[in-house]
């Protein structure tokens, strides 16, 4: 569905501003703010956004229309201002899992959202923050610390925007508005492969590393040195040694063929797994571009068509039942509703197949969604289920999802379990066993060979605990962060990072531990000490909930300066200063981003803070530990009464080992 500029504009009451997608938020396009994020975002909304005439859950919405220069597609970028005092969910789960639980709670959150294509001409609805289908969803607190929550490119459901383009836009927004830090939880996949593992081995960093995101913290006690060492171990696996380790297995011959083929192709020497994977991914990207050109200019012969069909039939694909997928979902809908929605989608695909006289032919995501909406009114439920349906078994049918190379639209197809389309027997669950020998001729499908190496070398390396531990360490490293260093411009302003030092009265309350980050304050070049106090007081009151009544009394390192003295020449611009005062509301429920609950994490893996993984608390000592470290499967239920091993050993009487 192509949306022309004229059609998109007609749906608005006034003539909107249009910005080029690929240049929007570059320096000077359209703004170049130099202040703190809390001020820059207001300038952004004034210059780039059009205030909508409706609200979502009481929150104001601004819309910015972007034009994709090559396709002339117009689509909205929404900015939503969330005031935490009136928010149903004031605390930030992302801050809690990122190690920022101690940050003072910011007064406002700003959400940047590009909805899925089919919702571009529709108003936003309540529950918009809970949808996982957004092309882009980023959140930044008014103190400049934020989180990238969702990126969905072509494979994620977008019909026009690829992941790289979306990520470029997000990076320009953060850079232009002078964000401090942004985290991302990298759970992105390419088919069956975790990209943080594949790209980590091939390039030394995650997919997000292209934009400067670096290791922040790992789960299950993984530290940065563990992560770096694991990447080094996997990247330096020598191809000749891999062949030796696979000797005596059924996979050795295929491994040799793949290594030999790409070594012959490469102009440089391929010695390690890193060299090979990086070269294969480069070949894959080039082959994809050539394939698009060939498909538009040539028509395959009948013999070639038959050959392609036979190859597809021989390819090994693992399927899983949708009921098993539902059991592992953390969804606000019940499993029964999810399965019921899946059955409606399958019925719509069956009707489409019957209209085509059983000859196949897929349905685009939008067409399938519209057909299912005739029976289900909850569009959020439909979007959630559609995103989860790929290579899944519903009843006696297989639902497959793929991008149509001709239309570049995501299409869904359905096959009977016994009709021979794609598999000869059903595979109800994903198998952890090594993939069988390749059915394709070496080099004919680079992507399948990358998957083959990923599954067999990285996930199922024979008899090597070191490789297994390194792989697990990389997979347990999901949290990455990008930091934008503080810049002091060469202009007519002084800039200071103002760090709050609570007064003695406040420090006796709950404001203990590591102090949160300082706040940027910008004042004219010839300002006095008093004007710095007033500017810092205003900035902190505007930013943090507990500082609405803050009164700044002193500025550290300036006690010898009178309030009327000039700062220029006395204090260096760009330095950090300590702010002292009173009036911090330490009794407020809106103190910290992570909430007011106190918990203790002490797991045998070394974790001492919430890392976002599944945990259980001991009913005696109330200490939280990972369920995985306690031997409880992710799909397993936690016992209603749980006592940790430490408490068991302390309460249970000691027993001598029986001779029997």
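Numbering (the numbering used here), first residue to last: 500 to 1159.
The beta-carbon is built from N, C-alpha and C at its ideal position, and this holds for glycine as well.
Keep in mind the model is a prediction, meaning the values are calculated, not measured.
Give the straight-line distance between the Cα atoms of residue 935 and residue 961, rounded to the nearest whole angstrom.
Locating residue 935 in the chain shown gives position 436, where the first residue counts as 1. Locating residue 961 in the chain shown gives position 462, where the first residue counts as 1. Bear in mind that a pLDDT of 43 at residue 935, under 50, signals an unreliable position, so the number given afterwards is only what the model happens to contain. Spanning the two alpha carbons is a distance of roughly 15 Å.
Which residues in the same chain have their Cβ closer than 8 Å to the Cβ of residue 899, if we skip the five residues on either side of it in sequence?
Taking the first residue of the chain shown as 1, we reach residue 899 at position 400. Cβ within range, chain order: 889, 890, 911, 912, 913, 914, 921.
Enumerate, from N- to C-terminal direction, the unbroken beta strand (DSSP E) stretches of 3 or more residues contained entirely within the segment 969-1002.
Fully enclosed beta strand (DSSP E) runs of 3 or longer: 978-982, 992-1001.
Can you tell me which residues form a DSSP beta bridge with residue 563?
By one-based count along the chain shown, residue 563 stands at place 64. Looking at the DSSP assignment, residue 563 forms a beta bridge with 576.
On the criterion of 16 or more Cβ atoms from any shown chain inside 10 Å, does residue 746 qualify as buried, or is it exposed?
By 1-based counting over the chain shown, the position of residue 746 is 247. Residue 746 should be labelled exposed.
Could you spell out the range, first to last residue, of the beta strand (DSSP E) harbouring residue 741?
Indexing the chain shown from 1 puts residue 741 at position 242. Careful: residue 741 lies outside any beta strand (DSSP E), inside the alpha helix (DSSP H) at 738-745.
When you compare the CB positions of residue 617 and residue 868, do they come within less than 8 Å of one another, or not?
The residue given as residue 617 occupies position 118 in the chain shown. The residue given as residue 868 occupies position 369 in the chain shown. Yes, the pair counts as a contact, with Cβ atoms nearer than the cut-off.
Using a Cβ-Cβ cut-off of 8 Å (strictly less than) and excluding sequence neighbours within five positions of residue 680, which residues of its own chain qualify?
Residue mapping note: residue 680 aligns to position 181 of the chain shown, counting from 1. If we look at residue 680 and ignore the five residues flanking it on each side, its Cβ neighbours are 643, 644, 645, 980, 981, 982, 983.
Can you tell me whether residue 536 is buried or exposed? The criterion is at least 16 other CB atoms within 10 Å of its CB, across all chains shown.
The residue you call residue 536 lines up with position 37 of the chain shown. With 16 or more other Cβ atoms within 10 Å, it is buried.
Report the residue ranges of all alpha helix (DSSP H) runs contained in full by the segment 568-635; include only those spanning at least 4 residues, in chain order.
Qualifying alpha helix (DSSP H) stretches, in chain order: 592-597.
In angstroms with no decimal places, state the Cα-to-Cα distance between residue 995 and residue 581.
Locating residue 995 in the chain shown gives position 496, where the first residue counts as 1. Locating residue 581 in the chain shown gives position 82, where the first residue counts as 1. Using only the alpha carbons, I get a separation of about 27 Å.
On the criterion of 16 or more Cβ atoms from any shown chain inside 10 Å, does residue 882 qualify as buried, or is it exposed?
Your numbering for residue 882 matches position 383 in the chain shown. The residue is buried, with at least 16 neighbouring Cβ atoms inside 10 Å.
Buried or exposed: which applies to residue 1071, given that a residue is buried once 16 or more other Cβ atoms fall within 10 Å of its Cβ?
Translated into the one-based positions of the chain shown, residue 1071 becomes position 572. Classification for residue 1071: exposed.
Give the list of continuous alpha helix (DSSP H) stretches no shorter than 4 residues that lie fully inside the segment 834-911.
Taking only runs of at least 4 residues, the alpha helix (DSSP H) segments lying wholly in the segment 834-911 are 834-854, 864-872, 878-887.
What three-state label does DSSP hand residue 1077 in the structure shown?
Here residue 1077 is taken as the residue at index 578 of the chain shown, counted from 1. Looking at residue 1077 - three-state DSSP - the assignment turns out to be strand.
In this structure, does DSSP put residue 1149 in helix, strand or coil?
Here the question's residue 1149 lines up with position 650 in the chain shown. Of the three classes helix, strand and coil, the one that applies to residue 1149 here is helix, per DSSP.
Roughly how many angstroms lie between the CA atoms of residue 1148 and residue 600, to the nearest whole one?
Looking up residue 1148 in the chain shown gives position 649. Looking up residue 600 in the chain shown gives position 101. The alpha-carbon atoms of residue 1148 and residue 600 are separated by roughly 32 Å.
Give every residue of the same chain whose Cβ lies closer than 7 Å to the Cβ of residue 630, excluding the five residues on either side of it in the sequence, and list them in chain order.
What you label residue 630 is simply residue 131 of the chain shown in a count that begins at 1. The answer, listed in chain order, is 879, 882.
Using CA atoms only, rank isn't needed, just tell me which of 1109, 1117, 1135, 1124 is closest to residue 598.
Sequence index remark: in the chain shown, residue 598 carries index 99 (1-based). Ranking 1109, 1117, 1135, 1124 by Cα distance to residue 598 puts 1109 first.
Could you give the distance in angstroms between the alpha-carbon of residue 768 and the alpha-carbon of residue 780?
Walking along the chain shown from the start, residue 768 turns up at place 269. Walking along the chain shown from the start, residue 780 turns up at place 281. Roughly 16 Å between the two C-alpha positions.
Closer than 7 Å by C-beta to residue 953: which residues in its own chain qualify, once you throw out the five before and the five after it? Chain order, please.
In the chain shown, counting from the first residue as 1, residue 953 sits at position 454. Only 692, 697 meet the Cβ criterion.
At which residues does the alpha helix (DSSP H) containing residue 756 begin and terminate?
For the purposes of this step, residue 756 is taken as the residue at position 257 of the chain shown. Note, residue 756: alpha helix (DSSP H), 751-764.
Report back the beta-carbon spacing between residue 652 and residue 632 to the nearest angstrom; my notes put them in contact at under 8 Å.
Sequence index remark: in the chain shown, residue 652 carries index 153 (1-based). Sequence index remark: in the chain shown, residue 632 carries index 133 (1-based). The Cβ separation is near 12 Å, so there is no contact.
Tell me where the alpha helix (DSSP H) around residue 666 begins and ends.
The residue given as residue 666 occupies position 167 in the chain shown. Unbroken alpha helix (DSSP H) run through residue 666: 662-675.
Per DSSP, which one or two residues make a beta bridge with residue 519?
Residue numbering aside, residue 519 sits at position 20 when the chain shown is read from its first letter. Paired residue(s): 566.
Assign residue 675 to buried or exposed, taking buried as 16 or more other Cβ atoms, counted over all protein chains shown, within 10 Å of its Cβ.
Against the chain shown, residue 675 aligns to sequence position 176. Result: buried.
Measuring CA to CA, which of 987, 1015, 700 is closest to residue 972?
One-based indexing of the chain shown puts residue 972 at position 473. Of the listed residues, the one whose Cα sits closest to residue 972 is 700.
Label residue 716 either buried or exposed according to how many other C-beta atoms from any shown protein chain fall within 10 Å of its C-beta, with 16 as the threshold for buried.
Within the chain shown, residue 716 is the residue found at index 217, counting from 1. By the neighbour-count rule (16 or more Cβ atoms within 10 Å), residue 716 is buried.
For residue 826, count the other beta carbons within 10 Å of its own beta carbon; 16 or more makes it buried, fewer makes it exposed. Which is it?
Looking up residue 826 in the chain shown gives position 327. By the 10 Å Cβ count, residue 826 comes out exposed.
Residues bridged to residue 1104 by DSSP?
Within the chain shown, the letter at position 605 stands for residue 1104. DSSP lists no partner for residue 1104.
Could you spell out the range, first to last residue, of the beta strand (DSSP E) harbouring residue 645?
Position 146 of the chain shown, counted from the first residue, corresponds to residue 645. Taken as a continuous stretch (DSSP letters only), the beta strand (DSSP E) holding residue 645 covers 644-650.
Under a three-way DSSP split, which group does residue 1082 fall into?
As a first step, residue 1082 must be located in the chain shown, where it is residue number 583. If DSSP states are grouped into helix, strand and coil, residue 1082 belongs with coil.
Closest to residue 545 by CA distance: which of 694, 553, 555, 560 is it?
The residue given as residue 545 occupies position 46 in the chain shown. When each option's Cα is compared against that of residue 545, the closest is 560.
Where does residue 802 fall in DSSP's three states?
Here residue 802 corresponds to residue number 303 of the chain shown, with the count starting at 1. Below a pLDDT of 50, predicted positions are generally treated as unreliable, and residue 802, at 35, falls in that range; the measurement from the model is reported next regardless. Residue 802: helix per DSSP, three-state reduction.
What did DSSP end up calling residue 794 once you bin it into helix, strand or coil?
The residue given as residue 794 occupies position 295 in the chain shown. Because residue 794 carries a pLDDT of 41, less than 50, the predicted location of this residue cannot be relied on, and the following value inherits that uncertainty. Note: residue 794 maps to helix in three-state DSSP.
Could you give the distance in angstroms between the alpha-carbon of residue 612 and the alpha-carbon of residue 741?
Here residue 612 corresponds to residue number 113 of the chain shown, with the count starting at 1. Here residue 741 corresponds to residue number 242 of the chain shown, with the count starting at 1. Between residue 612 and residue 741, the C-alpha separation is close to 45 Å.
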